Every structure is written in structure tokens, then in C-alpha cells.
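**Student:** Could you have a look at this structure, given as C-alpha cells, before my questions?
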Amino acid sequence: MPRHPIAPESDPGDDSRPNEADLLLDEAALLPDTEGEPLDHPALDSIDPDLLSASVRSALADLGGPRGLAAVRVVEAMGDPDLFDALADALLDQPDLPVDLLYRALQVLEGSGRIEARPELFALREELIEALDGDDATLDGLIEQIEEEPEDVWIPLQGLAEIEPDVRAEIVAELGAGGPIGPGTAELLRLLCYAHDPALRRSALDALEAASPAEPGGPAGDDPVSRAWLDLAAHHPDPNVSSRASRRLGNRGPSGPGLPAARPAPRIVASLVTGLDGRGRGQVALVADDPGAGLRVCSAFGCDVMAGVVAVVGRIAPIADPEPGAALLAELRGHPGRDEVEGAPELALGLLAGALLLCGPGTTPALRFWLERTAGPALGPRPFSGLALDPAERSPLLDPPPFEEMASRVDDVLDACPGWIDDSDLTFELAEELLLRWGGAPPDPRRDAGAYRFLFEHRLRDQLELYRRMLFWMGWLWQAAGAPELARSSLALAEQLSDPQHVVPSHPFASALATRSLLAAQNGLRLGLDLRDPAARARMEAGDLPG
Numbered sequence: 003m004p005r006h007p008i009a010p011e012s013d014p015g016d017d018s019r020p021n022e023a024d025l026l027l028d029e030a031a032l033l034p035d036t037e038g039e040p041l042d043h044p045a046l047d048s049i050d051p052d053l054l055s056a057s058v059r060s061a062l063a064d065l066g067g068p069r070g071l072a073a074v075r076v077v078e079a080m081g082d083p084d085l086f087d088a089l090a091d092a093l094l095d096q097p098d099l100p101v102d103l104l105y106r107a108l109q110v111l112e113g114s115g116r117i118e119a120r121p122e123l124f125a126l127r128e129e130l131i132e133a134l135d136g137d138d139a140t141l142d143g144l145i146e147q148i149e150e151e152p153e154d155v156w157i158p159l160q161g162l163a164e165i166e167p168d169v170r171a172e173i174v175a176e177l178g179a180g181g182p183i184g185p186g187t188a189e190l191l192r193l194l195c196y197a198h199d200p201a202l203r204r205s206a207l208d209a210l211e212a213a214s215p216a217e218p219g220g221p222a223g224d225d226p227v228s229r230a231w232l233d234l235a236a237h238h239p240d241p242n243v244s245s246r247a248s249r250r251l252g253n254r255g256p257s258g259p260g261l262p263a264a265r266p267a268p269r270i271v272a273s274l275v276t277g278l279d280g281r282g283r284g285q286v287a288l289v290a291d292d293p294g295a296g297l298r299v300c301s302a303f304g305c306d307v308m309a310g311v312v313a314v315v316g317r318i319a320p321i322a323d324p325e326p327g328a329a330l331l332a333e334l335r336g337h338p339g340r341d342e343v344e345g346a347p348e349l350a351l352g353l354l355a356g357a358l359l360l361c362g363p364g365t366t367p368a369l370r371f372w373l374e375r376t377a378g379p380a381l382g383p384r385p386f387s388g389l390a391l392d393p394a395e396r397s398p399l400l401d402p403p404p405f406e407e408m409a410s411r412v413d414d415v416l417d418a419c420p421g422w423i424d425d426s427d428l429t430f431e432l433a434e435e436l437l438l439r440w441g442g443a444p445p446d447p448r449r450d451a452g453a454y455r456f457l458f459e460h461r462l463r464d465q466l467e468l469y470r471r472m473l474f475w476m477g478w479l480w481q482a483a484g485a486p487e488l489a490r491s492s493l494a495l496a497e498q499l500s501d502p503q504h505v506v507p508s509h510p511f512a513s514a515l516a517t518r519s520l521l522a523a524q525n526g527l528r529l530g531l532d533l534r535d536p537a538a539r540a541r542m543e544a545g546d547l548p549g
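Put into C-alpha cells, the structure is as follows:
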């Protein structure tokens, strides 16, 4: 069965498609800042320097975009004087960057002489240092910043993500210690009550309670703190938090008398969901209008099927300005070997809600801000049970294909997801052994049953939960894209991998995955690409494959 086209076919001459340097930046954007890959020097050296420089400069021109932080990291890794200049100029041209990104970029420029050579940049650094110098200064600076611009509360939220967990929890706990608070501080604390870090959430709740103007169970007015408790009572997914908020409101629900109105839900005007790479990572992007505020908000949520939402970038513009949203979606389109679906908000919201179930303490505190401004306050963590279908359609989950068809259907699914291979050291060791044993013959599950079983028992068995989740994601993506047979195949495989009787090396998916992985490793070894070598792995991550 041929691969179903998910997006319109691209013009081969279309220069808007991402090149290998753009793909390196996209890969880096999904990795935590503490991870080196794919920014090791071998990866950088494998790409044409002029091409890489052009991509980095383009990303620096939009530091708040999806590739902004990745570009900063590449500048640091390369140490190119011209790119240091480009980064310094970009900081001057974009003064309203999130605190965490500004701090990271200034770190990269330290010692290069670029800060001292630009008086405005030097002053910016001194201002940032003063704001972060000591707990009292940090607290005062934080309160001043959010009260001056309450709608820019996402900036300190992202800044808090860069502070040590224990320190930031202490800072937040002090926000309510001085008595009544302003609307900006109340909004910050409300959003932090949704944090996935338990210590940070607890500090925010305690601070909000300390700043509450009423005793527990007393009357609630139309003040910022009461509005915060109202939202928590109505929308917080943790029943302990929602009940605590309800008690502060006198056990009245969201419709109780005298309570302020909740923030209206935004109107989604565009959405995009990408397929998953071989590590189970993809993107969900939403563009939404807030007519009351006259704003258009666009966000891209980097999702991992094992770790939840691992990255968030967002842009805010006047509602009449479509460019930021269009630019964000354009950066996510057209990646080779990765499908995407646009205009399916139900899919986007369902997958995003499922990803929220997997978030942990490392999730950025800014996540809730961007969720509310695009998906609305009612979106919370919940399993994604699938798309609502037309009455004439039969759910692919209720109409699985016969098991005897699964071998060919596995091939269809893996053909559509060429990056789904296991490239572990063990796979390369076994691939090398089979090459030497059989004189270059491709791997065969019957002839090489022992090697297949060993690979399954010591590697693939532990990866099947990852692939099961990936298959569910792709199954519903294909259903939304109008590829029902791929959807049936993918969802049926996911269901089978949920059943212990199918978690065996002879299952068509496990066998095909092993065959493709061993064959890919053999092809790499023939071309001199041995991913047991960290330098070779870095080159592969950068897209510089030999041959």
C-alpha cells in the first residue's frame, strides 16, 4: 500500500523547505539545554559552514521563535566571532525577550568582548544582574516586572524555569508575605498553582492564601486573589487544590453569587500536529484569537510520548497581524520523513491533553500560560480516547484488520515512519556480527533467530511501550488525515502491544523493527557510520549521512 500523503506535495524547488542546518536547529530545540547532542563539534563540522551560519542568523532574527534557543546554543558551540556579533545585535534588536533566554544569550557572550563594546547591551546585562542579585532583589524585581505588565506574566514564568527548584520555591513563597498583592502577582501565583513541580505548586498556593483578603469561608469579592481562587476551584485537575480553592470561596462553585466571571476561552483559528520521530517526539501547534484582548496567540508544544510536554514556545501579536502565527506553522511544516496534519483542532487538543498526563517536575512553569491562551482554561490532563467520527464511519479500534494481514500492514506503517528504527549499541554489535558471519547477507528472522531473540530480550522489549504510544499517536493522526488503512494498522498494532501475549520477538512488529534496525545498522557500517562512536552519532543527528 503506498504511503498516504498527509500534507500537500512540496515543490522540489521550494526554498522554504528546511535544509540540514535548519533540521539541526529543530533537533536541538527539542533537547534540554543540558544535553550536548546534536551540538557536539562533529555535528557542526559536518554541515557546510555558510549554510549553518545562514540558518543560525535567520533563527537569531527571531530569538523568541522555536529555533531561537537552539541558535544560541550553536553560537556557543561554534565560537564564531561573526556569530557572536550577530547574537549581540539580535539582543539589541529584541529587547523584550523572556528573562531565561536573555540570560542564556548573555552567558554565551560573556568574555567575547561583545557586551562591553555595546553600551546598551552592557546596561542590559547590568540591569539583569541587579534584578537577580540576591533573594530580596530578585523578589522586588519580579514583583515590579509583573505589576507593570500583568499580561507579560509569561516572561517571569519562563525566567523561573532557569532557577534552581529549591530557590525558586522560596522566592515564590515570599510573594504573598507582604499582605495584599496586585493583579500581576495574583496572576503569577495562580498560574504557578498549576506547576508540575510539587514544591513550586505548594509555595504558590501558600503565598496566594497568605495574600487572601478574606478568611477561609468568608465572602469573596471581585479582587485579583478571589479571581485566582475561582479559577483554581473550577479548573485545577488536582482535587486537593480545587477543594482548597473552594473552601477559600466559602464552598461556592464557579456559578456562586457574587463571584467574578472566568476568562473566556480563546477561539482556535489554526492548528498543526506533526508525526513523531524515532524517539517519540513531535509538535502540537495552536493559533488562537482572544477578541476581548484584541490579541492573536500562537504556541508550539514540543511533546514526548514518554515525558509529556518538554518544550513550549509562544508568540503574541495583535489580532489583525497573521504573520507570527503563519511563521510558527511554517517552521513546523515540510520535514522529510515526518507527516503533519493541519486544521484538526480536536486531534491537537486530544493529543495535548494526553501529553499533560505525562508532565513532571521538569516541565516549564510557563506551560499553563500558553495552554490557557490557545487551548483555553478547561483543557486538562486526560487520556485521549480517539477522534469523534461521522456516524457513517466505523471506529478503527472496533474494526481491526485480521491478524494474518499484520505483517504487510507493519511494513506500511514503518514505511510511513522511516525514522522508527533502533540504533542502540547492541543493534550495531549484532549487525556487525551478522555481517561477518554471513558475508554481507541481510538479516533474516528465521536464519538469525538467536540474534533476533537476544536483541528483543535485551533491548526491544523495553522499547515496546514507547512504540505502543507512538502507534496510538500516529494512528489518530492518520485518521484525521484521511488515511484510514494506515490508521487501522497503527491502532491495531498499538492495541496488540498492550496485550502481554503479543510482546514476543515473533510478533510482526517486533520482527520487522528488528529487521529494519539491523539492516540500517549494516548499511551504516558499510558506509563507515558506526553509531557506537559518539562523533558518528553526532554527524547522523546533524543529517550528514555518508554516501
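For the sequence shown, my numbering assigns the number 3 to the initial residue and increments by one for each residue that follows.
Beta carbons are placed, not taken as given, at the ideal position from N, Cα and C, and that holds for glycine.
If you're wondering where the values come from, they're calculated on a predicted model, not measured in any experiment.
(1) Pairing CB atoms from the segment 485-498 with CB atoms from the segment 434-441, are three or more of them under 8 Å?
(2) To the nearest angstrom, how far is it from the Cα of His-43 to the Cα of Ala-538?
(3) When we look at the beta-carbon of Ala-332 and count the other beta-carbons within 10 Å, is it buried (16 or more) or exposed?
(4) Here's the rule I'm using: 16 or more other beta-carbon atoms within 10 Å means buried, otherwise exposed. How should Gly-161 be labelled?
(5) Hey, how far is the Cα of Ala-119 from the Cα of Gly-113?
(6) What's the C-alpha gap between Asp-532 and Ala-23?
(7) Could you give the DSSP three-state label for Arg-490: helix, strand or coil?
(8) Roughly how many whole angstroms lie between the Cα atoms of Ala-319 and Thr-517?
(9) Which of the three DSSP states, helix, strand or coil, is assigned to Ile-145?
(10) By DSSP, does Glu-22 sit in helix, in strand, or in coil?
(11) Evaluate the contact criterion for the segment 372-385 versus the segment 513-528: three or more CB pairs, one atom per stretch, below 8 Å.
(12) Compute the distance between the beta-carbons of Arg-281 and Gly-304, then report whether it is under 9 Å.
(13) By DSSP, does Pro-320 sit in helix, in strand, or in coil?
(14) Look at the Cβ atom of Val-415, then the Cβ atom of Leu-499, and state whether they are nearer than 9 Å.
(15) Would DSSP call Arg-298 helix, strand or coil?
(16) For the segment 263-278 against the segment 361-378, are there 3 or more C-beta pairs whose distance is under 8 Å?
(17) By how many angstroms is the C-alpha of Val-174 removed from the C-alpha of Glu-39?
(18) Thr-187 and Ala-213 - do their beta-carbons sit closer together than 9 Å?
(19) Is any non-hydrogen atom of the ligand ATP found closer than 8 Å to the C-beta of Ser-245, if you look at the structure I gave you?
(20) Throw me the rounded Cβ distance for the Phe-386 and Gly-356 pair, which I believe falls under 8 Å.
(21) Could you check whether Ala-107 and Ala-72 sit closer than 9 Å to each other, using their CB atoms as the reference points?
(22) Suppose the cutoff is 6 Å on Cβ atoms and the five residues either side in sequence are ignored; what does the same chain contact list for Asp-561 look like?
(23) Give the DSSP bridge partners of Gln-551, in chain order.
(24) Whole angstroms are fine: how far does the CA of Glu-29 sit from the CA of Ile-49?
(25) Kindly indicate which residue of Asp-199, Asp-98, Glu-176 and Leu-194 has the alpha-carbon position closest to the one of Glu-151.
(26) Determine the closest residue to Pro-556 out of Leu-274, Arg-455 and His-460, with distance taken between C-alpha atoms.
(27) My output table needs one value for Ile-173: the three-state DSSP class, helix, strand or coil.
(28) Where do the N-terminal and C-terminal ends of the beta strand (DSSP E) with Ala-272 fall, by residue?
(29) Going by C-alpha to C-alpha distance, which of Ala-309, Asp-82 and Gly-277 sits closest to Pro-51?
(30) Taking 6 Å as the limit between beta carbons, can you name the residues of its chain near Asp-412, skipping five residues before and five after?
(31) Out of curiosity, what's the CA-to-CA distance linking Arg-490 and Pro-398?
(32) Could you tell me the alpha carbon to alpha carbon distance between Val-77 and Gly-526, rounded to whole angstroms?
(33) Return the Cβ separation of Pro-367 and Leu-202 in integer angstroms, given the expectation that the two are a contact with Cβ distance under 8 Å.
(34) Could you tell me which residues DSSP puts in a beta bridge with Asp-292?
(35) Going by DSSP in three states, Ile-8 sits in which element: helix, strand or coil?
(36) What residue range does the alpha helix (DSSP H) around Val-343 cover?
**Tutor:** The relevant details are as follows:
(1) no
(2) The residue given as residue 43 occupies position 41 in the sequence shown. The residue given as residue 538 occupies position 536 in the sequence shown. Residue placement at His-43 is flagged as unreliable, the pLDDT there being 43, under the threshold of 50; a coordinate-derived value is accordingly withheld.
(3) Indexing the sequence shown from 1 puts residue 332 at position 330. Exposed, since its Cβ has fewer than 16 Cβ neighbours within 10 Å.
(4) To locate residue 161, count along the sequence shown from 1; it is residue 159. Gly-161 is buried by the Cβ-count criterion.
(5) As a position in the sequence shown, residue 119 is number 117, starting the count at 1. As a position in the sequence shown, residue 113 is number 111, starting the count at 1. If I take the Cα positions, the gap works out to 11 Å.
(6) Start at 1 with the first residue of the sequence shown, and residue 532 comes out as number 530. Start at 1 with the first residue of the sequence shown, and residue 23 comes out as number 21. In a straight line, the C-alpha of Asp-532 is about 22 Å away from that of Ala-23.
(7) On the sequence shown, position 488 is the one that residue 490 refers to. Correct three-state label for Arg-490: helix.
(8) Here residue 319 refers to the residue found at position 317 of the sequence shown. Here residue 517 refers to the residue found at position 515 of the sequence shown. Using only the alpha carbons, I get a separation of about 49 Å.
(9) Working through the sequence shown from its first residue, we reach residue 145 at position 143. Note: Ile-145 maps to helix in three-state DSSP.
(10) Numbered from 1 along the sequence shown, position 20 holds the residue referred to as residue 22. Glu-22: helix per DSSP, three-state reduction.
(11) no
(12) Start at 1 with the first residue of the sequence shown, and residue 281 comes out as number 279. Start at 1 with the first residue of the sequence shown, and residue 304 comes out as number 302. It is not a contact, given that the beta carbons lie outside the stated cut-off.
(13) For the purposes of this step, residue 320 is identified with residue 318 of the sequence shown, where counting begins at 1. Residue state, collapsed to three classes: strand.
(14) For the purposes of this step, residue 415 is taken as residue 413 along the sequence shown, with counting starting at 1. For the purposes of this step, residue 499 is taken as residue 497 along the sequence shown, with counting starting at 1. For Val-415 and Leu-499, no; Cβs fall outside 9 Å.
(15) Working through the sequence shown from its first residue, we reach residue 298 at position 296. Looking at Arg-298 - three-state DSSP - the assignment turns out to be strand.
(16) yes
(17) Along the sequence shown, one-based indexing puts residue 39 at 37. Along the sequence shown, one-based indexing puts residue 174 at 172. Below a pLDDT of 50, predicted positions are generally treated as unreliable, and Glu-39, at 46, falls in that range; no measurement from the model is reported.
(18) Within the sequence shown, residue 213 is the residue found at index 211, counting from 1. Within the sequence shown, residue 187 is the residue found at index 185, counting from 1. Thr-187 sits close to Ala-213, with the two beta carbons spaced by under 9 Å.
(19) In the structure on display, the ligand ATP does not appear, and there are no ligands present to speak of.
(20) If you number the sequence shown from 1, residue 386 lands on position 384. If you number the sequence shown from 1, residue 356 lands on position 354. Yes, Phe-386 and Gly-356 are in contact; Cβ-Cβ is about 4 Å, under 8 Å.
(21) Reading the sequence shown from its first residue, position 70 is the one you call residue 72. Reading the sequence shown from its first residue, position 105 is the one you call residue 107. No, the Cβ-Cβ distance between Ala-72 and Ala-107 is not below 9 Å.
(22) Shown here, the chain extends from 3 to 549; a query on residue 561 therefore has no answer.
(23) As displayed, the chain neither begins before 3 nor continues past 549, which places residue 551 out of reach and without an answer.
(24) Counting from one through the sequence shown, the residue named residue 49 turns up at place 47. Counting from one through the sequence shown, the residue named residue 29 turns up at place 27. Between Ile-49 and Glu-29, the C-alpha separation is close to 14 Å.
(25) Residue numbering aside, residue 151 sits at position 149 when the sequence shown is read from its first letter. The residue with the shortest Cα to Cα distance from Glu-151 is Asp-98.
(26) The structure shown has nothing for residue 556, since the chain only spans 3 to 549.
(27) Translated into the one-based positions of the sequence shown, residue 173 becomes position 171. Helix.
(28) The sequence position of residue 272 within the sequence shown is 270, counting from 1. Residues 269-276.
(29) What you label residue 51 is simply residue 49 of the sequence shown in a count that begins at 1. Measuring C-alpha to C-alpha distances from Pro-51 to each of Ala-309, Asp-82 and Gly-277 identifies Asp-82 as the nearest.
(30) By 1-based counting over the sequence shown, the position of residue 412 is 410. Correcting the residue type first, residue 412 is Val in the shown sequence and not Asp. Closer than 6 Å at Cβ, skipping near neighbours: Pro-510, Phe-511 and Ala-514.
(31) Counting from 1 along the sequence shown, the entry for residue 490 is found at position 488. Counting from 1 along the sequence shown, the entry for residue 398 is found at position 396. Cα-Cα distance, rounded: 5 Å.
(32) Working through the sequence shown from its first residue, we reach residue 77 at position 75. Working through the sequence shown from its first residue, we reach residue 526 at position 524. Val-77 and Gly-526 have their alpha carbons spaced roughly 30 Å apart.
(33) By 1-based counting over the sequence shown, the position of residue 367 is 365. By 1-based counting over the sequence shown, the position of residue 202 is 200. 7 Å between Cβ atoms; contact.
(34) As a working mapping, residue 292 is identified with position 290 in the sequence shown. Leu-297.
(35) Locating residue 8 in the sequence shown gives position 6, where the first residue counts as 1. Since pLDDT at Ile-8 reaches only 37, below the 50 mark, its modelled position is unreliable, and the value read off the structure follows with that caveat. Looking at Ile-8 - three-state DSSP - the assignment turns out to be coil, as it is neither helix nor strand.
(36) Locating residue 343 in the sequence shown gives position 341, counting from the first residue. Looking at the DSSP string, Val-343 is not in any alpha helix (DSSP H); the run it does join, the beta strand (DSSP E), is 342-344.
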